[in-house]
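Those sequence lines, one after another, are chains A and B.
When we follow the working numbering, the leftmost residue of the first sequence carries the number 4, and every step to the right adds one.
When we follow the working numbering, the leftmost residue of the second sequence carries the number 22, and every step to the right adds one.
From the three backbone atoms N, C-alpha and C, an ideal C-beta is built for every residue, glycine too.
Scroll down for the structure; my scribbles are underneath it.
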Amino acid sequence: GAVVSQHPSRVICKSGTSVKIECRSLDFQATTMFWYRQFPKKSLMLMATSNEGSKATYEQGVEKDKFLINHASLTLSTLTVTSAHPEDSSFYICSARERENTEAFFGQGTRLTVV
Amino acid sequence: QKEVEQDPGPLSVPEGAIVSLNCTYSNSAFQYFMWYRQYSRKGPELLMYTYSSGNKEDGRFTAQVDKSSKYISLFIRDSQPSDSATYLCAMMARASKIIFGSGTRLSIRP
Numbered sequence: 004g005a006v007v008s009q010h011p012s013r014v015i016c017k018s019g020t021s022v023k024i025e026c027r028s029l030d031f032q033a034t035t036m037f038w039y040r041q042f043p044k045k046s047l048m049l050m051a052t053s054n055e056g057s058k059a060t061y062e063q064g065v066e067k068d069k070f071l072i073n074h075a076s077l078t079l080s081t082l083t084v085t086s087a088h089p090e091d092s093s094f095y096i097c098s099a100r101e102r103e104n105t106e107a108f109f110g111q112g113t114r115l116t117v118v
Numbered sequence: 022q023k024e025v026e027q028d029p030g031p032l033s034v035p036e037g038a039i040v041s042l043n044c045t046y047s048n049s050a051f052q053y054f055m056w057y058r059q060y061s062r063k064g065p066e067l068l069m070y071t072y073s074s075g076n077k078e079d080g081r082f083t084a085q086v087d088k089s090s091k092y093i094s095l096f097i098r099d100s101q102p103s104d105s106a107t108y109l110c111a112m113m114a115r116a117s118k119i120i121f122g123s124g125t126r127l128s129i130r131p
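Pasting the structure below:
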């Protein structure tokens with residue numbers, strides 16, 4: 004299957020700071036990337052969908068000013084958690100797909116801990 | 022009612038058994054069906070991707086889609102301890118977002 008690389012895999016940051024997570028499609032061009040949040044033993048919660056060159060579409064209840072998403076190229080999307088708080092601690096996962104109606108491939112996930 | 026229903030388990034079977042994982046759904050517009058495997062603290066890994074009804078086989082894995090019953094299945098033959106993971110079904114309608122099941126935790130006993 005196609006490879007999606009997510010970095011970093013783990014990050015610990017202080018309350019009030021910002022953290023950037025990168026998601027790269029290594030062997031295909033991703034017209035669409037998705038960002039998810041996952042709580043322990045729970046399913047994936049879609050946060051936002053980003054299309055290359057366009058503003059991200061956020062799901063209801065997700066603060067767009069807090070979770071900044073940039074999809075500047077066909078192989079890179081970034082999620083920046085701004086002014087992080089302990090309640091933002093979670094497992095964040097990106098996925099990418101090449102075209103509409105095709106399968107999506109996931110990154111390895113990023114475990115964020117805010118202290 | 023959720024769009025996609027999946028029994029969370031846990032499901033525990035002995036090594037070598039055939040495992041059957043299932044999801045039901047309510048949206049008749051779903052046409053694309055996927056199964057992902059997720060190990061603890063890792064991102065989901067795509068196992069199977071099928072379009073419309075029918076069967077698809079890949080090694081020890083077989084995916085079945087029955088659109089008339091709105092029911093999909095993943096069968097794992099000759100199950101191994103390394104198959105122990107959470108299995109997520111996912112589906113989407115044309116030009117829409119992917120909807121995930123809640124995941125089934127599977128444990129294969131040696």
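Alpha carbon to alpha carbon, what distance is there between R98(B) and E36(B)?
About 10 Å.
Going by DSSP in three states, P89(A) sits in which element: helix, strand or coil?
Looking at P89(A) - three-state DSSP - the assignment turns out to be helix.
Within chain A, the residues that K118(B) reaches when beta carbons sit closer than 7 Å
In chain order, L49 and T52 make up the part of chain A whose C-beta sits under 7 Å from the C-beta of K118(B).
Kindly identify the DSSP beta-bridge partner or partners of V31(A).
This sequence places Phe at residue 31(A); Val is not what is there. The beta-bridge partner set that DSSP reports for F31(A) is empty.
Could you tell me whether the Cβ of E24(B) comes closer than 9 Å to any Cβ of chain E?
Within the model displayed, chain E is absent; protein chains A and B are what it includes.
Residue of S12(A), G64(A) and K44(A) minimising C-alpha distance to T121(A)
Since the first and last residues shown for chain A are 4 and 118, residue 121(A) lies out of range.
Measure from the C-beta of K23(A) to each C-beta in chain B and report whether the shortest distance is under 9 Å.
No, because no Cβ of chain B sits closer than 9 Å to the Cβ of K23(A).
Using 9 Å as the limit for Cβ to Cβ distance, is V6(A) near chain B?
For V6(A), no CB of chain B lies under 9 Å from its own CB, so it is not counted at the interface with that chain.
Does any residue of chain B bring its CB to less than 9 Å from the CB of F94(A)?
Judged by the 9 Å Cβ criterion, F94(A) is in contact with chain B.
Counting C-beta neighbours from all protein chains within 10 Å, is the total for Y39(A) 16 or more, i.e. buried, or is it exposed?
Per the 10 Å Cβ criterion, buried.
Alpha carbon to alpha carbon, how far is L47(A) from S92(A)? Give it in angstroms, no decimals.
Cα-Cα distance, rounded: 15 Å.
Any non-hydrogen atom of the ligand MN closer than 8 Å to I96(A) Cβ:
As far as ligands go, the structure on display features none, and thus does not contain the ligand MN.
A33(A) burial status per 10 Å Cβ neighbour count (16 or more: buried)
That one is buried.
Is the number of C-beta pairs between the segment 95-113 of chain B and the segment 18-33 of chain A that are closer than 8 Å three or more?
Result no; under three Cβ-Cβ pairs closer than 8 Å.
Close-in-space but distant-in-sequence residues of the same chain around Q111(A) (CB under 7 Å, 5 per side omitted):
Here the set comprises Q9 and S12.
For T81(A), which beta-bridge partners are listed by DSSP?
Answer is E25(A) and N73(A), bridged to T81(A).
I need the DSSP call for S159(B), collapsed to helix, strand or coil.
Since the first and last residues shown for chain B are 22 and 131, residue 159(B) lies out of range.
Which residue or residues does DSSP assign as beta-bridge partners of E66(B)?
Paired residue(s): R58(B).
Are the beta-carbon atoms of T116(A) and V7(A) separated by less than 9 Å?
Cβ atoms of T116(A) and V7(A): not closer than 9 Å.
Please check if any C-beta of chain B sits within less than 9 Å of the C-beta of F108(A).
So, interface residue.
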